[in-house]
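Take the sequence shown: its position 2, counted from the start at 1, is 2 in the UniProt record's numbering, and no numbers get skipped.
All C-beta atoms, glycine included, are put in the ideal place defined by N, C-alpha and C.
Everything numeric in this text was worked out from a predicted model, so none of it was measured.
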Amino acid sequence: MDWKGYRTGVRIFAAGFGQFVGILNEDGSPVCQLPPPISVKAEKTRHGIGTLEATFPARGRIAPTSAGVMELISSTFGNLDEEGRVPIEKAPARLLVIERARTRYAFIINRIEADTGLEAPTTITVKGLDLADYLAAWPAASVPVSWLANTLESRDGDAAGKWGGVRFDMAAIELATTADGYTMTGPAQRVIRKLIQDSLDAVNGRFGWLENPHMVVDMTPTQEEGPETFIRVDDSNLWETIAEPAANAGVTVTVSLWLPGDPALTVAGGTKTFDHAVLVVHAYYSREV
């Protein structure tokens, strides 16, 4: 991937038109550019997951449908249903990225709607969720070291020993079974950062991704210690685990998209750069609680 060429093209286009809008694949690599949007509505919430709604013209100057729009409604994304929607559950993961001067916004595409004309769509609306939604798909590991304690074993059947016609690769891990003994306490920002990073390491270590992660925690030092927090970890998802304690302590948790060529990241283990896209989790004290 020619990241230098990509960044140069994005910078030139954004300088001339105010912003660049494109599609990235599930690995964060560029897929295509979208035409300038008709409208963009992005809602950010301090202690919640933001949303996006962006509408684009579907007709090109020459072709009946622009190349970027064709990518969204092509066979890889499924066909439009009778109501002009794409069955996104059958589609590969895609991100919509908006690049402006010194600013990048990225959203997970979760719905596509088309204003269907007689021959082809006239407009297409992309709806998405903030990248923080990825934390809702990641377990908050109660005993992260147990994820590395056992090796994967191939079994004919599920963990209960029942045969389902599918072969599984499984390894035993320890889960929280009581209310006591699975809690983290301390300064809120420090605890939240550690919980997220430990959980990322547990899964990444299990699958051999520790040296090449796709999500990391920003560990930039801060002068603030802030209030103490108490978080019970029960192996539910990270967002459910941290959302309320973070809000109560005045800690805002966000996720941004880092691309090769961006400034180096301060992460667990030091300062690093990567040769691929990486999601970066930020936990910082808000000015208002």
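Self-check item: Proximity to Arg104 [Cα-Cα], best of Val255, Leu265, Thr273 and Thr266
Solution: Val255
Quiz prompt | CB contact flag (Pro139, Ala93, <9 Å) | solution = Pro139 is not a Cβ neighbour of Ala93, given a cutoff of 9 Å.
Quiz prompt | 6 Å CB neighbourhood of residue 291 in its chain, flanking five on each side removed | solution = With the chain covering 1 to 289 only, the question about residue 291 has no answer from this structure.
Exercise. Could you name the residues that DSSP lists as bridge partners for Asp156?
Key: Note: Asp156 sits in a beta bridge opposite Arg167.
Practice problem: Counting only the same chain and skipping the five closest in sequence on each side, list residues whose C-beta sits under 7 Å from that of Ser236. | Solution: Ala140
Quiz prompt | Nearest neighbour of Phe17, chosen from Ala67, Pro37 and Lys272 [CA to CA] | solution = Pro37
Quiz prompt | Neighbourhood of Thr123 by C-beta, 8 Å cutoff - its chain only, sequence neighbours within 5 removed | solution = Ile38, Thr55, Phe56, Pro57, Ala58, Ala114 and Asp115
Quiz item: beta strand (DSSP E) containing Pro36: first to last residue?
Solution: Counting along the chain, Pro36 falls outside any beta strand (DSSP E), and DSSP gives it neither H nor E.
Quiz item: Candidates Gly261, Val251 and Val233: which alpha carbon is nearest Pro144's?
Solution: Val233
Exercise. Express the C-alpha separation of Asn204 and Ala176 in angstroms, rounding to a whole number.
Key: Cα to Cα, Ala176 sits roughly 20 Å from Asn204.
Quiz item: Is the stretch 41-52 touching the stretch 123-138, taking contact as three or more C-beta pairs under 8 Å?
Solution: yes
Quiz item: DSSP state of Phe274, grouped into three classes?
Solution: coil
Quiz item: Helix, strand or coil for Leu195 per DSSP?
Solution: helix
Self-check item: For Ala188 and Val251, believed in contact at Cβ under 8 Å, the rounded distance
Solution: 5 Å
Quiz item: Based on the DSSP secondary-structure assignment, which residues constitute the bridge partners of Glu99?
Solution: Phe20 and Arg104
Quiz prompt | For residue 330, three-class secondary structure by DSSP | solution = The shown model of the chain, from 1 to 289, leaves out residue 330, and the question about it has no answer.
Quiz item: Does DSSP put Gly226 in a helix, in a strand, or in coil?
Solution: coil
Quiz item: Excluding sequence positions up to five away, which residues of its chain have a Cβ less than 7 Å from the Cβ of Tyr182?
Solution: Ser142, Ala176, Arg232, Val233 and Asp234
Practice problem: Provide the residue span of the alpha helix (DSSP H) that contains Ala54, from first to last. | Solution: Premise fails: Ala54 lies in the beta strand (DSSP E), Thr51 to Pro57, not in any alpha helix (DSSP H).
Quiz prompt | Alpha-carbon to alpha-carbon, Glu228 and Gly186 | solution = A straight-line Cα-Cα distance of about 5 Å links Gly186 and Glu228.
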